[in-house]
Amino acid sequence: MFAAVRTGYIVVPSSLVDAFGKARTLLGQSSSAVVEQALSRFMDDGRFVEHIRKMRRIYRERRDLLIECVRQDCSDSLELQSPDAGMHVVAWLRNGLGDQAAHQALLEAGIESLPLSVYSIRPLKRQGIVLGFSCAPETRIPVLVKRMSEALLGASC
């Protein structure tokens, strides 16, 4: 429906519905019955499926544009691992730049990223960052990638 609802759902086999309901009660996680009813109607009448289809198209277009812009402007610093779906890409770092340093340089340039190492308890063989693209309008992606290129080149010096 919209992000401010801040609710989720899980699909489980009917044999597990009671167990998940009890776990939800134990965890103290509850949401408004009105919101749940509205979300249920949103899903039942097909608008949810329509929304998912629309968002997949939008995210695919943004991902493809990001990949194209990185290849044009950041290929010296980054190698993207292109996912088939989702809202993030892994960008492998080149030129020996560490993921923490890259993350900091991007942060200082006003670009959010996450160092790939935060997802691992062991040192990684390869340094990388995670870039999200779902919130970036297509008109901003080329500008942000150029800024990212400058920040990463400055960090590797």
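If you use numbering that gives the first Met the number 0, the sequence shown corresponds to residues 0 to 156, in order.
Built from N, CA and C at the ideal position, the CB exists for glycine as well.
Quick one: using the 10 Å Cβ neighbour count with 16 as the cut-off for buried, is residue i buried or exposed?
i, result
"ASP83", "exposed"
"ILE51", "exposed"
"ALA101", "buried"
What are the boundary residues of the beta strand (DSSP E) that includes residue i?
i, result
"GLY20", "Careful: GLY20 lies outside any beta strand (DSSP E), inside the alpha helix (DSSP H) at 16 to 26."
"GLY153", "It is not in any beta strand (DSSP E) - GLY153 instead sits in the alpha helix (DSSP H) that spans 140 to 155."
Since residue i contacts residue j with CB under 8 Å, what's their CB separation in whole angstroms?
i, j, result
"LEU151", "CYS73", "7 Å"
"ILE120", "ARG146", "Between ARG146 and ILE120 the Cβ distance is about 32 Å, and since that is not below 8 Å, they are no contact."
"ALA154", "ALA104", "4 Å"
"LEU79", "PHE132", "Between PHE132 and LEU79 the Cβ distance is about 11 Å, and since that is not below 8 Å, they are no contact."
"ARG93", "LEU77", "7 Å"
"LEU113", "LEU123", "That pair is no contact at about 13 Å."
Once DSSP output is grouped into helix, strand and coil, what is the label at residue i?
i, result
"ILE110", "coil"
"GLN71", "helix"
"GLN164", "What is shown of the chain runs 0 to 156, which leaves residue 164 out entirely."
"VAL4", "helix"
"LEU130", "strand"
"ILE51", "helix"
"LEU159", "Here the chain has residues from 0 to 156 only, and residue 159 is not among them."
"ARG121", "coil"
"ILE57", "helix"
"ILE227", "A question about residue 227 goes unanswered here, because the residues of the chain that appear run from 0 up to 156."
Identify the continuous alpha helix (DSSP H) that holds residue i and give its terminal residues.
i, result
"VAL89", "From DSSP, VAL89 is part of no alpha helix (DSSP H) but of the beta strand (DSSP E) over 87 to 92."
"ALA135", "Per DSSP, ALA135 belongs to no alpha helix (DSSP H) and is neither H nor E."
"ALA43", "For the sequence presented, residue 43 should be read as Asp rather than Ala. Segment 32 to 43, the alpha helix (DSSP H) holding ASP43."
Please return the same chain residues whose Cβ sits closer than 7 Å to the Cβ of residue i, not counting the five positions on each side in sequence.
i, result
"ALA135", "ARG61, LEU143"
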